[in-house]
Amino acid sequence: MSSSPLPEAPLPNIVIVGAQWGDEGKGKVVDLVAPCVDVVARYSGGPNAGHTIVADDRRFVLQLVPSGVLRPGKKSVIGGGTVVDPIALVQEMDTLAAAGIGLDHLYLSHAAHVILPYHRALDQAMDQERIGTTGKGVGQAYTDKAARFGIRVGDLLDEAHFREKLEASLPVKNQLLRSFGREPFAVDAVVKAVQPAIKRLRPHIKDTTLLLHRWMRDGASVLFEGAQGTLLDIDHGTYPYITATSATAGGAAPGTGVPPTRINGVLGITKAYATRVGGGPFPTEVTGDLGELIRARGKEYGSVTGRPRRCGWFDAPLLRHAVRVNGLDTLAVTKLDVLDPCHAVLVGVGYRYKGTVLDEWPAEERVVTKLEPVFEERPGWLTETAGLRAWEDLPGRAHDYLRWLEDLIDCEISLVSTGPGRDETILVEPSRLTRWFPDFRRLCLR
Ligand code: IMP
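Just so we're aligned, residue 8 is where the sequence shown starts under the working numbering, counting upward by one.
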């Protein structure tokens, strides 16, 4: 293969990234955009993610398999920046196969790190209560990756090599487990537990970086699917209440091996309000009846753990932070209809901290944990928007709300989602999205 620079693709390569604390509706938007591209590649996270997609009246919750898999013929890549629980991945693949979803074009990077049973046990012992993790072993697998104790998907392909790796790391892991009063793991038991999954995954394991470069050389365009959200990013999120990897758009390059110079744009996803699951600061959180109303209307329960999500108002400085660190070109706003019965809609426009008002998101933990929100409010639209498909059909006050958000965060809105179905979507034209994908309406909103 030539190592000359990749030619320009006929269509751009775009990242889709969560602009809040995850659960913004990335799955729906990736599935919507997928018909415009050739490949969908997941670049970070693991089975902590739950991307919900409603397609042809069927509901799918994808954890690691890219959300493009529901579009026949599209290639799906699980990149090297993810962490893979082989047993959970096989269960997910089996569920998809049983629903008639083809997996012939699913490619798993040999460089992705593996979550093994002791990672889950350590997560549950060390992190679940402390920071409200999903308990799936994700942070512990990334810990081993950084500590150079990690085991990668490619290591599973040769049992003797896999055993050697386990023999090196298990004594250390077992010592830690014992110190938390947990049972240690034996090499044999770990190998036996994952053997059937390795057999099933074997044909999908590839050098996905090489494949992506070859496909792109031949003109393919790639959609990079983020997991979690900006405020859960290991560098730009609310540390330490974050996930253990780069959830922001910049993670797409190391997480797949596609160079940053070939990534042409970033589409951010935000809810029309805000939610967070797990511990950590959330300045615009609302509790009481209003919080309950949003939770009930938005069905705000974690798709992986079933935990009730904390709910609150849209936080403009936090979104401006997301626009900056991801380089967001345009936004999709989801779940607008959840706010239909609100007499007033509030937006956080700043924070009070020790007698001063801050108008930008403060990065420091000691500050972020002590913020009081400053809200502005507008009258609600009190009209049903669920299922609307045209901008002109939205009530004037919903237009005003969306234009207000655009002004506050200085980023255009190109999609508005009014329900879980593919067609419950408003495309704003013209916008960056239709400039990237001129055929978007015809291909994606049928
Ligand atoms: P972990 O990723 O399981 O280590 O959890 C770390 C933090 O990220 C916790 O607050 C989780 O609730 C949160 N988290 C991880 N994945 C998701 C997601 O897909 N949606 C929302 N929150 C998530």
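Just so you know, even glycine gets a beta-carbon here, dropped at the ideal spot from N, CA and C. Remember, it's a predicted structure, so these values are computed and weren't measured experimentally.
Exercise for review: Within the segment 142 to 173, note down every full beta strand (DSSP E) run reaching 3 residues or more, in order along the chain.
Suggested key: none
Check your understanding: Going by the C-beta, is residue 138 closer than 7 angstroms to any heavy atom of the ligand IMP?
Key -> Along the sequence shown, one-based indexing puts residue 138 at 131. Yes, the ligand IMP has a heavy atom inside 7 angstroms of this Cβ.
Review point. Any chance the segment 165 to 180 sits against the segment 278 to 291, with 3 or more Cβ pairs inside 8 angstroms?
Key: no
Practice item. Please report the residue range of the beta strand (DSSP E) in which residue 353 lies. Key: The count along the sequence shown starts at 1 and reaches residue 353 at position 346. Note, residue 353: beta strand (DSSP E), 351 to 360.
Point to revise | Limits of the unbroken beta strand (DSSP E) element including residue 67 | key: Position 60 of the sequence shown, counting from 1, holds the residue named residue 67. Where residue 67 is concerned, the enclosing beta strand (DSSP E) stretches over 65 to 69.
Review point. Is the beta carbon of residue 256 sitting closer than 8 angstroms to the one on residue 90?
Key: Within the sequence shown, numbered from 1, the residue matching residue 256 stands at position 249. Within the sequence shown, numbered from 1, the residue matching residue 90 stands at position 83. Against a cut-off of 8 angstroms, the Cβ pair of residue 90 and residue 256 comes out as no contact.
Check your understanding: residue 468: buried (16+ other C-beta within 10 angstroms of its C-beta) or exposed?
Key -> Residue 468 lies beyond the residue range present for the chain, which begins at 8 and ends at 453; the question has no answer from this structure.
Review point. What residues are listed by DSSP as bridge partners for residue 243?
Key: In the sequence shown, residue 243 corresponds to position 236, counting from 1. Per DSSP, none; premise fails for residue 243.
Review point. Under the criterion of a Cβ to heavy atom distance below 7 angstroms, does residue 325 qualify as lining the ligand IMP?
Key: Looking up residue 325 in the sequence shown gives position 318. The answer is no for residue 325.
Point to revise | DSSP-derived helix/strand/coil call for residue 438 | key: Residue mapping note: residue 438 aligns to position 431 of the sequence shown, counting from 1. Residue 438: coil per DSSP, three-state reduction.
Review point. Is it the case that the CB of residue 60 approaches a heavy atom of the ligand IMP more closely than 7 angstroms?
Key: The sequence position of residue 60 within the sequence shown is 53, counting from 1. Checking the Cβ of residue 60 against the ligand IMP gives no.
Practice item. Find out if the Cβ-Cβ distance for the pair residue 117, residue 212 is shorter than 8 angstroms. Key: Within the sequence shown, residue 117 is the residue found at index 110, counting from 1. Within the sequence shown, residue 212 is the residue found at index 205, counting from 1. The answer is yes: Cβ separation under 8 angstroms.
Practice item. Identify every residue that forms a DSSP beta bridge with residue 382. Key: The residue you call residue 382 lines up with position 375 of the sequence shown. Looking at the DSSP assignment, residue 382 forms a beta bridge with 355.
Review point. Quick one, are the C-beta atoms of residue 252 and residue 48 less than 8 angstroms apart?
Key: On the sequence shown, position 245 is the one that residue 252 refers to. On the sequence shown, position 41 is the one that residue 48 refers to. No. Outside cutoff.
Review point. Alpha carbon to alpha carbon, how far is residue 383 from residue 355?
Key: Here the question's residue 383 lines up with position 376 in the sequence shown. Here the question's residue 355 lines up with position 348 in the sequence shown. Cα to Cα, the separation comes out at about 7 angstroms.
Review point. Would the beta-carbon of residue 250 fall within 8 angstroms of that of residue 146?
Key: Looking up residue 250 in the sequence shown gives position 243. Looking up residue 146 in the sequence shown gives position 139. Yes, the Cβ-Cβ distance between residue 250 and residue 146 is below 8 angstroms.
Review point. For residue 376, which of helix, strand or coil comes out of DSSP?
Key: Residue numbering aside, residue 376 sits at position 369 when the sequence shown is read from its first letter. Reduced to three states, the DSSP call for residue 376 is coil.
Point to revise | Distance between residue 126 and residue 153 (C-alpha atoms, nearest Å) | key: Taking the first residue of the sequence shown as position 1, residue 153 is located at position 146. Taking the first residue of the sequence shown as position 1, residue 126 is located at position 119. Cα to Cα, residue 153 sits roughly 14 angstroms from residue 126.
Point to revise | Segment contact, 8 angstroms Cβ cut-off, at least three pairs: the segment 369 to 379 with the segment 414 to 421 | key: no
Exercise for review: Check residue 92 in the structure and name its three-state DSSP category.
Suggested key: Counting from one through the sequence shown, the residue named residue 92 turns up at place 85. Looking at residue 92 - three-state DSSP - the assignment turns out to be coil, as it is neither helix nor strand.
Practice item. Report the option in 242, 284, 341, 389 whose CA atom is closest to the CA atom of residue 37. Key: For this step, residue 37 is matched to residue 30 along the sequence shown. The candidate whose alpha carbon is nearest that of residue 37 is 341.
Point to revise | Coil, strand or helix - residue 209 by DSSP | key: The sequence position of residue 209 within the sequence shown is 202, counting from 1. Residue 209: helix per DSSP, three-state reduction.
Practice item. Return yes when at least one heavy atom of the ligand IMP lies under 7 angstroms from the C-beta of residue 409, else no. Key: Taking the first residue of the sequence shown as position 1, residue 409 is located at position 402. No - the ligand IMP has no heavy atom lying nearer than 7 angstroms to the Cβ of residue 409.
Practice item. Jot down the residue ranges of each uninterrupted beta strand (DSSP E) in the segment 251 to 294, minimum 3 residues, whole runs only, in chain order. Key: 272 to 278, 281 to 283
Practice item. Run through the segment 181 to 234 for me and flag every whole beta strand (DSSP E) of 3 or more residues, listed as ranges in chain order. Key: 229 to 232
Practice item. Indicate, with yes or no, if the ligand IMP has a heavy atom lying under 7 angstroms from the CB of residue 342. Key: The residue given as residue 342 occupies position 335 in the sequence shown. False, no ligand heavy atom lies under 7 angstroms from that Cβ.
Check your understanding: Does the Cβ of residue 235 lie closer than 7 angstroms to at least one heavy atom of the ligand IMP?
Key -> Numbered from its first residue, the sequence shown carries residue 235 at position 228. Yes, the beta carbon of residue 235 sits closer than 7 angstroms to at least one heavy atom of the ligand IMP.
**Study point:** Terminal residues of the beta strand (DSSP E) in which residue 46 lies
**Key:** Counted from its first residue, the sequence shown places residue 46 at position 39. 46 to 49 is the span of the beta strand (DSSP E), which, as asked, contains residue 46.
Check your understanding: Alpha carbon to alpha carbon, how far is residue 78 from residue 41?
Key -> On the sequence shown, residue 78 is found 71 positions in, with the first residue counted as 1. On the sequence shown, residue 41 is found 34 positions in, with the first residue counted as 1. Their Cα atoms are separated by approximately 7 angstroms.
Check your understanding: Does DSSP classify residue 37 as helix, strand or coil?
Key -> Taking the sequence shown and counting its residues from 1, the one referred to as residue 37 is at position 30. Residue 37 falls in the helix class under three-state DSSP.
Exercise for review: Report yes or no: do three or more beta-carbon pairs, one from the segment 55 to 74 and one from the segment 437 to 447, lie closer than 8 angstroms?
Suggested key: no
Check your understanding: Is residue 245 near the ligand IMP, with its Cβ less than 7 angstroms from a heavy atom?
Key -> To locate residue 245, count along the sequence shown from 1; it is residue 238. No.
Check your understanding: With distances taken between CB atoms, is the gap from residue 85 to residue 121 smaller than 8 angstroms?
Key -> Counting from 1 along the sequence shown, the entry for residue 85 is found at position 78. Counting from 1 along the sequence shown, the entry for residue 121 is found at position 114. Their beta carbons are not under 8 angstroms apart, which means residue 85 does not touch residue 121 by this criterion.
Review point. Looking at residue 256 and the ligand IMP, is the gap between the Cβ and the nearest heavy atom below 7 angstroms?
Key: Your numbering for residue 256 matches position 249 in the sequence shown. No, Cβ of residue 256 sits at least 7 angstroms from all heavy atoms of the ligand IMP.
Check your understanding: What span of residues does the beta strand (DSSP E) with residue 332 cover, start to end?
Key -> As a first step, residue 332 is located in the sequence shown; it is residue number 325 there, counting from the start. Not the beta strand (DSSP E): residue 332 falls in the alpha helix (DSSP H), residues 323 to 333.
Point to revise | Length at least 3, wholly inside the segment 105 to 134: the beta strand (DSSP E) runs in chain order | key: 113 to 116
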